[in-house]
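Novice: Protein chains in written order, with our numbering: chain A, 1002 to 1315; chain B, 903 to 1345.
#1: Beta-carbon of residue 1077 of chain A versus every beta-carbon of chain B: anything under 9 Å?
#2: Thinking C-alpha only, which one of B:1097, B:1287, B:1007 and B:1249 is nearest residue 1122 of chain B?
#3: Would residue 1270 of chain A be called buried (16 or more neighbouring beta carbons within 10 Å of its own) or exposed?
#4: With H, G and I counted as helix, E and B as strand and the rest as coil, what does DSSP make of residue 949 of chain B?
#5: Counting only Cβ-Cβ distances shorter than 7 Å, please list the residues of the stretch 1045-1056 of chain A near chain B, keeping chain order.
#6: So for residue 1024 of chain B, helix, strand or coil by DSSP?
#7: Can you list, in chain order, the residues of its chain whose CB lies under 6 Å from that of residue 1184 of chain A, leaving out five sequence neighbours each side?
#8: Residue 981 of chain B and residue 960 of chain B - do their beta-carbons sit closer together than 9 Å?
#9: Taking the continuous beta strand (DSSP E) assigned at residue 1139 of chain A, which residues delimit it?
#10: Buried or exposed for residue 908 of chain B, going by 16 or more other Cβ atoms inside 10 Å?
#11: Residue 1111 of chain A to residue 977 of chain B, Cα distance in whole Å?
#12: Output, in chain order, the set of chain A residues within a Cβ distance shorter than 9 Å of residue 939 of chain B.
#13: Using a Cβ-Cβ distance under 9 Å, would residue 958 of chain B count as near chain A?
#14: Roughly how many angstroms lie between the CA atoms of residue 1245 of chain A and residue 1176 of chain B, to the nearest whole one?
#15: State yes or no: is the beta carbon of residue 1176 of chain B nearer than 9 Å to at least one beta carbon in chain A?
#16: Straight-line CA distance for residue 1026 of chain A to residue 1050 of chain A?
#17: Return no unless some Cβ of chain B is closer than 9 Å to the Cβ of residue 1219 of chain A.
#18: For residue 1172 of chain B and residue 1209 of chain A, which I take to be in contact (beta-carbon distance under 8 Å), what is that distance rounded to the nearest angstrom?
#19: Who are residue 985 of chain B's beta bridge partners in DSSP?
#20: On a CA-only basis, which of B:1174, B:963, B:1086 and B:962 is nearest residue 1066 of chain A? Give me that one, please.
#21: Just checking: is the beta-carbon of residue 909 of chain B within a distance shorter than 9 Å of some beta-carbon in chain A?
#22: At least one CB of chain A closer than 9 Å to the CB of residue 1183 of chain B: is that the case?
#23: Please report whether the beta-carbon of residue 1231 of chain A lies at a distance below 9 Å from any beta-carbon of chain B.
#24: Which residues in chain B have a C-beta closer than 9 Å to the C-beta of residue 1280 of chain A? List them in chain order.
#25: Going straight from the alpha carbon of residue 1128 of chain B to that of residue 1295 of chain B, what length do you get?
#26: Tell me which residues of the stretch 1190-1217 of chain A have at least one Cβ-Cβ distance to chain B shorter than 8 Å, keeping chain order.
#27: Does residue 1201 of chain A come out as helix, strand or coil in the three-state DSSP assignment?
#28: Should the stretch 1190-1208 of chain B be called in touch with the stretch 1246-1260 of chain B, which here means at least 3 C-beta pairs below 8 Å?
#29: I need the straight-line Cα distance from residue 1202 of chain A to residue 933 of chain B, nearest angstrom please.
#30: DSSP on residue 944 of chain B, reduced to helix/strand/coil?
#31: Answer yes or no: does any C-beta atom of chain A fall closer than 9 Å to that of residue 915 of chain B?
#32: Could you check whether residue 1005 of chain B and residue 906 of chain B sit closer than 9 Å to each other, using their CB atoms as the reference points?
#33: I'd like to confirm the pairing. Which residues does DSSP put opposite residue 920 of chain B in its beta bridges?
#34: What are the complete alpha helix (DSSP H) segments, minimum 4 residues, inside the stretch 1149-1195 of chain B?
#35: State yes or no: is the beta carbon of residue 1113 of chain B nearer than 9 Å to at least one beta carbon in chain A?
#36: Give me the residue from B:1280, B:1264, B:983 and B:1297 with the minimum Cα distance to residue 1244 of chain B.
See the structure below:
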């Protein structure tokens, strides 16, 4: 485990979309199973729901609203999957990574800011009221979660004294960061759920606004958006592993398998939370995010910075 | 069996259904929803997400025109079922599946729609649209459980439809900009919002085709962003009183329990608590299905306690109150309910009342007569404009669900042909504020 993270040949990048797709599909399957159980159907019968949904959407014709901003609408719909792929570039799978950027943590943050634009474009492009309200709602949510997320991302980097994801993993050899920076971990996780417009933060696609930015999306566009949401959720779950959960560290299993197991567990938790917690109204959430969560995140960085300085000095 | 038909078969295992409830047909809608859950089908939130348009009941003139527009907004493959009796729901849905997977039929439907998109859209004409509505939903089509793929769509109407609907999104104060038309839509005008900032002003009708929404209700809203500046409510009625479902599924007090559970389902779903809404839905469906009610009391009470305990729900619903300041409406609007206007307390009250009814089988106070119920609904409708102005869309939806409107109670009226025509010329009633140019589909 002492080995540093190595960058592998770009050829392996062809496997990245495949892995992401499988994870997203597994996540969607788990969600389908949980939905199935909640309506009293057998747990497993719902697990195939994402396949049926994909078939349905591939077969469905794509519809355009009057005076839609088609270009921007499509950019938004297709962009989510791309952003998720760009995110996982910097995530090491065991000892291997596709891009060992010296600013890997910032790279991830840049990509999640792209999601602001993408969800807004989807909401804007349809030229319809519910869709637009969905876009507004996502932006107001983003204003609430983004700053705490930035500080949550910075915290492990401060402890590792590097923005390189590989260095963050190496710095956790003795103690996983989740143990001594739990606040940052919780903030990171809830921000991932928020930027995926998922679970308690899914108000931008809420039932009260007829599906929000999804209201007028049909066919393959809808498939791309739904798949993209699962993909960014997966990417977020996967990034929690090198950042807080010690990367590939673990007994018995090889490092790469530990990365996959940990990612799967985090993703399963993200999926499951949707079925337990009610949606939080965006206006109420902003208040809490700025008054309670943001100071908590700052406090966490402060503590970590002090500890890091002391251990460095000794 | 080719790949295409296998994909179609797989797709048909999870059909998305857009339900239109005509006032008075809530029981049909509930039976349909129960059947959808049993099959693992999904209730669609918008036409763009739907494969199947399920109309529960016989709509009146205006509502029929709305259904027609909604039908045009289904992307396809699509099919339509009109339920006018509670029986044969399963049979009709099976027929709908057969229709959805019938590739040649769907292709024919698609081709005839695309052909009609030949651009004669330079002048959207409302007369043509009216004619279209009258033809499409001719009463002969509306027999119980009839399935129709409707490959016979009118030509040249679709662009007019789309432009009409978009007009509603954007009309608003835009009249001074009449020379600035984009696809026949005037630009939205501006106005100061509640914080004194200039915002676009949109006139958007909400309803009658929305999920978790009182049947037939249309609320015409002037919106700035997602804040309602002013609102006006009315109800699009069923075709006629006599067309109403002959016998209710259940007698009192079961009827009342079903209604309370249904109201709870709508409110919980809008509050974004899917799992609790689903529990309430299962209790409701059990009651519809005729289980012994005293057995349900425990489950109802458990749900009530779960709702009561939820911190997030309490926080989300804090301050959402259906009481309006004016005293005269206050007492009547909430007659029969001793709890306050706070919608969380109202929700808990509904569940508590349902528990008591299920446990004892007795009303604490005598149920409202038909005339009283009609009066109550009228009173509540009258408070809507005041209640909704200044609220955001999410709160407005919660408030409307919190009122527990029984739109079937108000005396139905048949919109005269003149009225129907008039409102159509003004853009009619959109479904969800969405504007679909159904001519420009890309296959």
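Note that beta-carbon positions come from the ideal geometry of N, C-alpha and C, so glycine has one too.
Specialist: In short:
#1: Translated into the one-based positions of the first chain, residue 1077 of chain A becomes position 76. False, the Cβ-Cβ gap to chain B never drops below 9 Å.
#2: Indexing the second chain from 1 puts residue 1122 of chain B at position 220. When each option's Cα is compared against that of residue 1122 of chain B, the closest is B:1287.
#3: Numbered from 1 along the first chain, position 269 holds the residue referred to as residue 1270 of chain A. The residue in question, residue 1270 of chain A, is exposed, as its Cβ has fewer than 16 Cβ neighbours within 10 Å.
#4: Here residue 949 of chain B refers to the residue found at position 47 when the second chain is read from its first residue. Helix, per DSSP.
#5: 1046, 1047, 1050, 1052, 1053, 1054 and 1056
#6: Locating residue 1024 of chain B in the second chain gives position 122, counting from the first residue. In this predicted model, residue 1024 of chain B has a pLDDT of only 37, less than 50, meaning its place in the structure is not dependable; the value taken from the coordinates is given anyway. The answer is coil: DSSP assigns residue 1024 of chain B none of H, G, I, E or B.
#7: Translated into positions along the first chain, residue 1184 of chain A becomes position 183. Answer for residue 1184 of chain A: 1297 and 1301, listed in chain order.
#8: Position 58 of the second chain, counted from the start, is the residue given in the question as residue 960 of chain B. Position 79 of the second chain, counted from the start, is the residue given in the question as residue 981 of chain B. No, the Cβ-Cβ distance between residue 960 of chain B and residue 981 of chain B is not below 9 Å.
#9: If you number the first chain from 1, residue 1139 of chain A lands on position 138. Residue 1139 of chain A -> not in any beta strand (DSSP E); alpha helix (DSSP H) instead, spanning 1130-1161.
#10: Sequence index remark: in the second chain, residue 908 of chain B carries index 6 (1-based). Looking at its Cβ environment, which holds fewer than 16 other Cβ atoms inside 10 Å, residue 908 of chain B is exposed.
#11: The residue you call residue 1111 of chain A lines up with position 110 of the first chain. The residue you call residue 977 of chain B lines up with position 75 of the second chain. Computed Cα separation, rounded: 35 Å.
#12: If you number the second chain from 1, residue 939 of chain B lands on position 37. Near residue 939 of chain B (Cβ distances below 9 Å), the residues of chain A are 1040, 1041 and 1042.
#13: In the second chain, the residue the question calls residue 958 of chain B occupies position 56. No, its Cβ sits nowhere closer than 9 Å to a Cβ of chain A.
#14: Start at 1 with the first residue of the first chain, and residue 1245 of chain A comes out as number 244. Start at 1 with the first residue of the second chain, and residue 1176 of chain B comes out as number 274. When rounded, the distance between both Cα atoms is 31 Å.
#15: Looking up residue 1176 of chain B in the second chain gives position 274. So, interface residue.
#16: Residue numbering aside, residue 1026 of chain A sits at position 25 when the first chain is read from its first letter. Residue numbering aside, residue 1050 of chain A sits at position 49 when the first chain is read from its first letter. Rounded to the nearest angstrom, the two C-alpha atoms are 10 Å apart.
#17: As a position in the first chain, residue 1219 of chain A is number 218, starting the count at 1. Judged by the 9 Å Cβ criterion, residue 1219 of chain A is in contact with chain B.
#18: For this step, residue 1172 of chain B is matched to residue 270 along the second chain. For this step, residue 1209 of chain A is matched to residue 208 along the first chain. That belief holds up - the Cβ atoms of residue 1172 of chain B and residue 1209 of chain A are roughly 5 Å apart, short of 8 Å.
#19: Mapped onto the second chain, residue 985 of chain B falls at position 83. Beta-bridge pairing links residue 985 of chain B to B:958.
#20: As a working note, residue 1066 of chain A is residue 65 in the first chain. Residue B:1086 is the option with its Cα nearest to residue 1066 of chain A.
#21: Residue mapping note: residue 909 of chain B aligns to position 7 of the second chain, counting from 1. Yes, residue 909 of chain B counts as interfacial toward chain A.
#22: Position 281 of the second chain, counting from 1, holds the residue named residue 1183 of chain B. True, the Cβ-Cβ gap to chain A drops below 9 Å.
#23: Within the first chain, residue 1231 of chain A is the residue found at index 230, counting from 1. With 9 Å as the cut-off, residue 1231 of chain A does not count as an interface residue toward chain B.
#24: The sequence position of residue 1280 of chain A within the first chain is 279, counting from 1. Residues of chain B passing the Cβ test: 1173, 1174, 1175, 1176, 1214 and 1218.
#25: Locating residue 1128 of chain B in the second chain gives position 226, counting from the first residue. Locating residue 1295 of chain B in the second chain gives position 393, counting from the first residue. Each residue's alpha carbon lies about 6 Å from the other.
#26: 1201, 1203, 1204, 1207, 1208, 1209, 1210, 1211, 1212, 1215, 1216 and 1217
#27: Translated into the one-based positions of the first chain, residue 1201 of chain A becomes position 200. Helix, per DSSP.
#28: yes
#29: As a position in the first chain, residue 1202 of chain A is number 201, starting the count at 1. As a position in the second chain, residue 933 of chain B is number 31, starting the count at 1. If I take the Cα positions, the gap works out to 31 Å.
#30: Taking the second chain and counting its residues from 1, the one referred to as residue 944 of chain B is at position 42. Note: residue 944 of chain B maps to strand in three-state DSSP.
#31: What you label residue 915 of chain B is simply residue 13 of the second chain in a count that begins at 1. Yes, contact with chain A.
#32: Here residue 906 of chain B corresponds to residue number 4 of the second chain, with the count starting at 1. Here residue 1005 of chain B corresponds to residue number 103 of the second chain, with the count starting at 1. Yes, Cβ-Cβ distance for residue 906 of chain B and residue 1005 of chain B is below 9 Å.
#33: Along the second chain, read from residue 1 onward, the residue named residue 920 of chain B stands at position 18. Residue 920 of chain B pairs with B:955.
#34: 1156-1172 and 1176-1190
#35: By one-based count along the second chain, residue 1113 of chain B stands at place 211. Answer yes: the Cβ-Cβ gap between residue 1113 of chain B and chain A drops below 9 Å somewhere.
#36: By 1-based counting over the second chain, the position of residue 1244 of chain B is 342. Here the closest residue by C-alpha is B:1297.
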